[in-house]
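Mapped onto this note's numbering, the consecutive letters of the sequence shown carry residue numbers 179 to 302. Using N, Cα and C, we set each Cβ at its ideal position, and we do this for glycine too.
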Amino acid sequence: MKNVLLLVILSVVLVGCGDKIHENIGEDIADDTNQILNIMDGVIEEKNEISEQEKEIFDHYYIKYSAFQKNSELSEEEERLFILVKHIVENPEFYTTLESDKENYEDRKRQINNVIKTGQIYDE
């Protein structure tokens, strides 16, 4: 029983360590951004259109972080992240129509994940 408990605790710790977030990026914006990326991944993988509920999530993300941006409540790194994600939530079909669009999405997704982890768009 002790071994099982120890394995569960180690699993939780290891999973938590894998999701590194830059010190100037809030957990909320990182989680919300990952929600947007998960929706897009599903849409692309299943070759579906974005549902009305998913559009509402995109709209809510845009409205929430636009307001924070307008009120200068985002760090420089969070603003960088919002600018990258903003294009996805405003124009999701840009990333789902052609095969080359999907490659553009994967590049954008790498940039977004890099900003979440390092605060920078590209590795230096």
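Identity of the residue in the options nearest residue i by Cα
i: GLY297; options: PHE272, ILE266 and ARG258; result: ARG258
i: MET218; options: ASN202, GLY204 and HIS265; result: HIS265
i: ASN282; options: ASP210, ILE222 and TYR240; result: ILE222
i: PHE236; options: ILE207, THR275 and ILE214; result: ILE214
i: ILE129; options: THR275, LYS280, PHE260 and GLU277; result: Residue 129 is absent from the structure shown; the chain starts at 179 and stops at 302.
i: LEU276; options: SER244, LYS225 and LYS242; result: LYS225
i: ASN216; options: ASP279, SER244 and PRO270; result: PRO270
Buried or exposed by the 16-neighbour rule on C-beta atoms within 10 Å, applied to residue i
i: LEU252; result: buried
i: ASP285; result: exposed
i: ASP210; result: buried
i: ILE203; result: buried
Heavy atom of the ligand ZN within 7 Å of residue i beta-carbon
i: PHE246; result: As for the ligand ZN, it is missing from this structure, which has no ligand bound.
Cβ shell of residue i (< 8 Å), same chain only, five flanking positions each side left out
i: ASN292; result: GLN298, ILE299, TYR300 and ASP301
i: HIS200; result: GLU255, VAL293, ILE294, LYS295, THR296 and GLY297
i: ARG288; result: none
Contact belief for residue i with residue j at Cβ below 8 Å, rounded distance in angstroms
i: ILE290; j: VAL263; result: 6 Å
Close beta carbons around residue i, own chain, < 7 Å, minus the five adjacent residues each side
i: LYS198; result: LYS295
i: ASP279; result: PHE272 and TYR273
Beta-carbon contacts of residue i that lie in its chain and below 6 Å, excluding the five residues immediately before and after
i: TYR243; result: PHE260
request  = Evaluate contact between the stretch 229–237 and the stretch 246–257, counting only Cβ atoms and requiring at least three cross-stretch pairs below 8 Å.
outcome  = no
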